[in-house]
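Student: In the numbering used here, the protein residues as written are 141 to 237. Note that CB positions come from ideal geometry on N, CA and C, so glycine has one too. Below you will find the structure I want to go over with you.
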Ligand code: HEC
């Protein structure tokens, strides 16, 4: 579904997160299977390499940073989509622009 089909002030990263089942394992403000997006934002606050690291992690999957449960890989997502969702997470996962 194109972003334009949704409310104009919905951040693109949130549209991508909803469209790729991220919200099945992550919530903005509480831990589900994976850490909350706000926890992730505060962990990487001030880390200039965070975007690069997390883009790779979302694409390739992996475990061991937050616990033993692995995140699955997302090989079919486009680089642009992965980057927008990661940038949105690192911005604290706001619900509107
Ligand atoms: C099947 C459950 C599951 C799905 C689906 C999932 N995640 Fe995760 N995610 C996890 C788990 C578990 C972790 C913790 C991994 C670890 O400890 O290294 C995690 C970690 C993360 C992290 C932090 C990685 C780190 O190394 O600190 C980010 C960012 C993230 N997920 C984003 C996403 C995005 C974006 C999507 C959708 C494209 C997504 N996740 C889909 C379970 C999931």
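In three-state terms, what does DSSP make of residue 217?
Tutor: Taking the chain shown and counting its residues from 1, one reaches residue 217 at position 77. Looking at residue 217 - three-state DSSP - the assignment turns out to be coil, as it is neither helix nor strand.
Student: Is residue 226 closer than 7 Å to residue 180 when the C-beta atoms are compared?
Tutor: Position 40 of the chain shown, counted from the start, is the residue given in the question as residue 180. Position 86 of the chain shown, counted from the start, is the residue given in the question as residue 226. No, the Cβ-Cβ distance between residue 180 and residue 226 is not below 7 Å.
Student: What are the uninterrupted segments assigned as alpha helix (DSSP H) that are 4 or more residues long and contained completely in the stretch 147 to 177, given in chain order?
Tutor: Counting only runs of 4 or more, we get 152 to 159.
Student: Please report how far the alpha carbon of residue 166 lies from the alpha carbon of residue 157, in whole angstroms.
Tutor: In the chain shown, the residue the question calls residue 166 occupies position 26. In the chain shown, the residue the question calls residue 157 occupies position 17. About 9 Å.
Student: Quick check: does the Cβ of residue 194 come within less than 6 Å of any heavy atom belonging to the ligand HEC?
Tutor: Sequence index remark: in the chain shown, residue 194 carries index 54 (1-based). Because some heavy atom of the ligand HEC lies under 6 Å away, the Cβ of residue 194 counts as near it: yes.
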